[in-house]
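J.:
Protein chains: 2
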Amino acid sequence: MRSIGDDRTTRAIIRDEALRLFAAGGPETVTLRQIAAAARVSPGLVVHHFGSKDGLRKEVDQHVLDVFEAMLGELTGEGGAELLDPGAGASSLSEAFARHLPADSPLPGYLRRLLLSDTDAARLLFRRLYELSRAALDGLVAAGLAAPGRDPAVRAAFLLANDLALFLLRDRLTEVLGTDPLSTDGMTRWAPEMLSVYAGGLTAAPPQPPGDAR
Amino acid sequence: MRSIGDDRTTRAIIRDEALRLFAAGGPETVTLRQIAAAARVSPGLVVHHFGSKDGLRKEVDQHVLDVFEAMLGELTGEGGAELLDPGAGASSLSEAFARHLPADSPLPGYLRRLLLSDTDAARLLFRRLYELSRAALDGLVAAGLAAPGRDPAVRAAFLLANDLALFLLRDRLTEVLGTDPLSTDGMTRWAPEMLSVYAGGLTAAPPQPPGDAR
DNA sequence: CAGAATACTAAACAAACGTTCAATGGACGT
DNA sequence: ACGTCCATTGAACGTTTGTTTAGTATTCTG
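Those protein sequence lines, which keep their order, are chains A and B. Taking the numbering used here as reference, the numbering of the first sequence is continuous, increasing by one, and the terminal residue is 214. Taking the numbering used here as reference, the numbering of the second sequence is continuous, increasing by one, and the terminal residue is 214.
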């Protein structure tokens, strides 16, 4: 897929194409020959660069985690514990993702598979997210924006799971809602509803627009 | 795996073993020979009974959906829209699941894979669940237990996604919490936290136990 | 510019895959 | 008892899989 102006090395092209195909169908369903064809190289070259298919998979895994970690660094660097903060700009992991990634990025799909796979990488990633969620909840509590609840560990897990659900069920939600909840449009529908429940529960009346004369 | 007292037909045994293996690793990673070995039959017999591996997969799919639908029928039959009702016995789909299925049932795992797969069965199942969620929300609104929110479609989707998150992330949550949230013990930790947020948002003080003198 | 290292391809490899097929054995109706 | 059906097996089939190998370009290095 190397077009004019594409200065990636062949190795990077193979990695990126593998990432794209893995995200779509999972590493098991994708063959080395498919990857080689997508990158317009011979199957042998893939092995030459990555040792084996599993070596390629591991490198793609690491690459995705690196990109993700870099994005996380940007977010927490921007302004402390604004993650999961209803008042701040990015009100959820999913929203931060949607903002920092192109709409057609294979990364969300890949992370979805990674997160649900029974691997150490998945366990590590989730634990990382969980600790982030706990820290965010602690921040909210300190700021008086939330109560720790009876079981803070469960509350943080609850918030994280809800956040990730958007991610995992993205395609299904897009079908029933008619809007991709991870797109800009979808976020403007999803976020207020989510924040409303988090702010006052299911029974709370929706906040009236300031100019409403009724 | 046919032991004494096992009156299942060989056909049913193969189906059940396939279900178990599919749930664990996905249909693509499981070979006909593995299924045959688990059921203690020859690979040829599997094809003889189900036509092909894909035929077996389809039959397992349908079987799982049938069992699931039967369980759903029991639930909605018990007492109207008690699903998602914070006051009723079963406060969520996940809890209902946990109550009606043995702890080591492969069905949750299989449904997880099915729900995330890009198939018509997945779309149909999710749409079914979504409409159930909408009906449940309508019931709550009619009973004065919830507000429809600004965008009822999104609110129902939000509640459903949160519910399913428990399902999809079960293993990961078990790791960080030390308790399987779909077990009886896990539910007693998870449900109160979830209901507390749904009742009054994140800021609400946890309901004090009646006899608390503080 | 020579030589060494690296990038890359085409062809072949053994293993494993889903599937087919002929043969066997027992169960059942007649 | 006989013939028919169905369950079941073991061995084979062709295909596809990941990988290896030998050989050819290309690029780097001194």
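Glycine included, each C-beta is placed from N, C-alpha and C at the ideal position.
Please state the DSSP three-state secondary structure of L101 (chain B).
T.: Position 101 of the second sequence, counted from the first residue, corresponds to residue 101 (chain B). The answer is coil: DSSP assigns L101 (chain B) none of H, G, I, E or B.
J.: Compare the beta carbon distance of E97 (chain A) and P108 (chain A) with 8 angstroms and say whether it is the shorter of the two.
T.: Position 97 of the first sequence, counting from 1, holds the residue named residue 97 (chain A). Position 108 of the first sequence, counting from 1, holds the residue named residue 108 (chain A). For the sequence presented, residue 97 (chain A) should be read as Phe rather than Glu. Their beta carbons are under 8 angstroms apart, which means F97 (chain A) touches P108 (chain A) by this criterion.
J.: Along the chain, which unbroken stretches of the alpha helix (DSSP H) at least 4 residues long are found entirely within the region 101-132 of chain B?
T.: Entirely contained in the region 101-132 of chain B, the alpha helix (DSSP H) runs reaching 4 residues are, in chain order, 107-116.
J.: Does the beta carbon of D185 (chain B) sit closer than 8 angstroms to a beta carbon anywhere in chain A?
T.: By 1-based counting over the second sequence, the position of residue 185 (chain B) is 185. By this cut-off, D185 (chain B) is not an interface position.
J.: Taking the straight line between their C-alpha atoms, what separation do you get for R20 (chain B) and P106 (chain B)?
T.: Position 20 of the second sequence, counted from the first residue, corresponds to residue 20 (chain B). Position 106 of the second sequence, counted from the first residue, corresponds to residue 106 (chain B). When rounded, the distance between both Cα atoms is 5 angstroms.
J.: Just checking: is the beta-carbon of E95 (chain B) within a distance shorter than 8 angstroms of some beta-carbon in chain A?
T.: The residue you call residue 95 (chain B) lines up with position 95 of the second sequence. False, the Cβ-Cβ gap to chain A never drops below 8 angstroms.
J.: Between G200 (chain A) and T184 (chain A), what straight-line distance do the alpha-carbon atoms span, to the nearest angstrom?
T.: Position 200 of the first sequence holds residue 200 (chain A). Position 184 of the first sequence holds residue 184 (chain A). Cα to Cα, G200 (chain A) sits roughly 25 angstroms from T184 (chain A).
J.: Would you mind reading off the limits of the alpha helix (DSSP H) that contains R20 (chain B)?
T.: For this step, residue 20 (chain B) is matched to residue 20 along the second sequence. Where R20 (chain B) is concerned, the enclosing alpha helix (DSSP H) stretches over 10-25.
J.: Can you give me the C-alpha to C-alpha distance between G119 (chain B) and A70 (chain A), rounded to a whole angstrom?
T.: Reading the second sequence from its first residue, position 119 is the one you call residue 119 (chain B). Reading the first sequence from its first residue, position 70 is the one you call residue 70 (chain A). Note on identity: in this sequence residue 119 (chain B) is Thr, with Gly being the wrong assignment. The straight-line gap from Cα to Cα measures roughly 33 angstroms.
J.: By the DSSP assignment, the alpha helix (DSSP H) with G200 (chain B) in it spans what residues?
T.: In the second sequence, the residue the question calls residue 200 (chain B) occupies position 200. Element bounds for G200 (chain B): 184-200.
J.: Answer with yes or no whether the minimum CB distance from Y198 (chain A) to chain B is below 8 angstroms.
T.: For this step, residue 198 (chain A) is matched to residue 198 along the first sequence. By this cut-off, Y198 (chain A) is an interface position.
J.: Check whether chain B comes within 8 angstroms of E175 (chain A), counting only Cβ atoms and requiring the distance to be less than that.
T.: As a working mapping, residue 175 (chain A) is identified with position 175 in the first sequence. At least one chain B Cβ lies under 8 angstroms of E175 (chain A).
J.: Can you tell me the Cα-Cα spacing of R134 (chain B) and A146 (chain B), whole angstroms?
T.: The residue given as residue 134 (chain B) occupies position 134 in the second sequence. The residue given as residue 146 (chain B) occupies position 146 in the second sequence. C-alpha separation (whole angstroms): 12 angstroms.
J.: Can you pull the chain B neighbours of Y130 (chain A), defined as C-beta to C-beta under 7 angstroms?
T.: On the first sequence, residue 130 (chain A) is found 130 positions in, with the first residue counted as 1. The answer, in chain order, is V176.
J.: Less than 8 angstroms between CB atoms is the rule here; does D104 (chain A) satisfy it with respect to chain B?
T.: As a position in the first sequence, residue 104 (chain A) is number 104, starting the count at 1. No, its Cβ sits nowhere closer than 8 angstroms to a Cβ of chain B.
J.: So, at 6 angstroms on beta carbons, what are the nonlocal neighbours of G186 (chain B) in its own chain, with the 5 sequence-adjacent residues on each side left out?
T.: Here residue 186 (chain B) corresponds to residue number 186 of the second sequence, with the count starting at 1. Same-chain partners within the cutoff: T179, D180.
J.: Given that V60 (chain A) touches chain B, what residues does it touch there, using C-beta distances under 9 angstroms?
T.: In the first sequence, counting from the first residue as 1, residue 60 (chain A) sits at position 60. In chain order: nothing, as chain B lies at least about 18 angstroms away.
J.: Report yes or no: do three or more beta-carbon pairs, one from the region 21-39 of chain B and one from the region 39-57 of chain A, lie closer than 8 angstroms?
T.: The region 21-39 of chain B is not in contact with the region 39-57 of chain A.
J.: For P43 (chain B), would you say it is in contact with chain A, using Cβ-to-Cβ distances shorter than 8 angstroms as the test?
T.: By one-based count along the second sequence, residue 43 (chain B) stands at place 43. Not one chain A Cβ lies under 8 angstroms of P43 (chain B).
J.: Please classify D61 (chain A): is it buried, with 16 or more other beta-carbons within 10 angstroms of its beta-carbon, or exposed?
T.: Position 61 of the first sequence, counted from the first residue, corresponds to residue 61 (chain A). Looking at its Cβ environment, which holds 16 or more other Cβ atoms inside 10 Å, D61 (chain A) is buried.
J.: Indicate whether at least one CB of chain B lies closer than 8 angstroms to the CB of A121 (chain A).
T.: By 1-based counting over the first sequence, the position of residue 121 (chain A) is 121. No, A121 (chain A) does not count as interfacial toward chain B.
J.: I need the DSSP call for A146 (chain A), collapsed to helix, strand or coil.
T.: The residue labelled residue 146 (chain A) in the question sits at position 146 within the first sequence. DSSP places A146 (chain A) in coil when its eight states are reduced to three.
J.: Hey, out of B:L169, B:L93, B:P148, whose CA is closest to A191 (chain B)'s CA?
T.: Walking along the second sequence from the start, residue 191 (chain B) turns up at place 191. The option with the nearest alpha carbon to A191 (chain B) is B:L93.
J.: So, at 8 angstroms on beta carbons, what are the nonlocal neighbours of A156 (chain A) in its own chain, with the 5 sequence-adjacent residues on each side left out?
T.: In the first sequence, residue 156 (chain A) corresponds to position 156, counting from 1. Answer for A156 (chain A): Y130, S133, R134, A136, L137, listed in chain order.
J.: Thinking C-alpha only, which one of A:V64, A:R15, A:L169 is nearest Y110 (chain A)?
T.: Residue numbering aside, residue 110 (chain A) sits at position 110 when the first sequence is read from its first letter. Of A:V64, A:R15, A:L169, the residue nearest in Cα terms is A:V64.
J.: Would you tell me roughly how many angstroms separate the C-alpha atoms of A121 (chain B) and D7 (chain B), rounded to the nearest one?
T.: Position 121 of the second sequence, counted from the first residue, corresponds to residue 121 (chain B). Position 7 of the second sequence, counted from the first residue, corresponds to residue 7 (chain B). When rounded, the distance between both Cα atoms is 30 angstroms.
J.: What is the DSSP secondary structure of P181 (chain B), counted as helix, strand or coil?
T.: Locating residue 181 (chain B) in the second sequence gives position 181, counting from the first residue. P181 (chain B): coil per DSSP, three-state reduction.
J.: Could you check whether V197 (chain B) and F158 (chain A) sit closer than 8 angstroms to each other, using their CB atoms as the reference points?
T.: To locate residue 158 (chain A), count along the first sequence from 1; it is residue 158. To locate residue 197 (chain B), count along the second sequence from 1; it is residue 197. Yes, Cβ-Cβ distance for F158 (chain A) and V197 (chain B) is below 8 angstroms.
J.: Interface residues of chain B around R155 (chain A) at Cβ under 7 angstroms?
T.: Taking the first sequence and counting its residues from 1, the one referred to as residue 155 (chain A) is at position 155. Here the neighbours are E193.
J.: Quick one: grab the DSSP three-state call for L137 (chain A).
T.: Along the first sequence, one-based indexing puts residue 137 (chain A) at 137. Residue state, collapsed to three classes: helix.
J.: Alpha carbon to alpha carbon, what distance is there between R112 (chain A) and F22 (chain A)?
T.: Against the first sequence, residue 22 (chain A) aligns to sequence position 22. Against the first sequence, residue 112 (chain A) aligns to sequence position 112. So the two alpha carbons sit approximately 11 angstroms from each other.
J.: Starting from the Cα of R11 (chain B), find the closest Cα among B:F167, B:E95, B:L56 and give me that residue.
T.: One-based indexing of the second sequence puts residue 11 (chain B) at position 11. Looking at the Cα atoms, B:L56 is the closest of the given residues.
J.: Apply the 10 Å Cβ neighbour rule to P102 (chain A) and answer buried if 16 or more other Cβ atoms are within range, or exposed otherwise.
T.: Locating residue 102 (chain A) in the first sequence gives position 102, counting from the first residue. Its Cβ having fewer than 16 others within 10 Å, P102 (chain A) is exposed.
J.: For G51 (chain A), report the span of its alpha helix (DSSP H) as first-last.
T.: Reading the first sequence from its first residue, position 51 is the one you call residue 51 (chain A). Counting along the chain, G51 (chain A) falls outside any alpha helix (DSSP H), and DSSP gives it neither H nor E.
J.: If distances are taken between C-alpha atoms only, which option among A:E193, A:H100, A:R15 comes closest to K58 (chain A)?
T.: Against the first sequence, residue 58 (chain A) aligns to sequence position 58. When each option's Cα is compared against that of K58 (chain A), the closest is A:R15.
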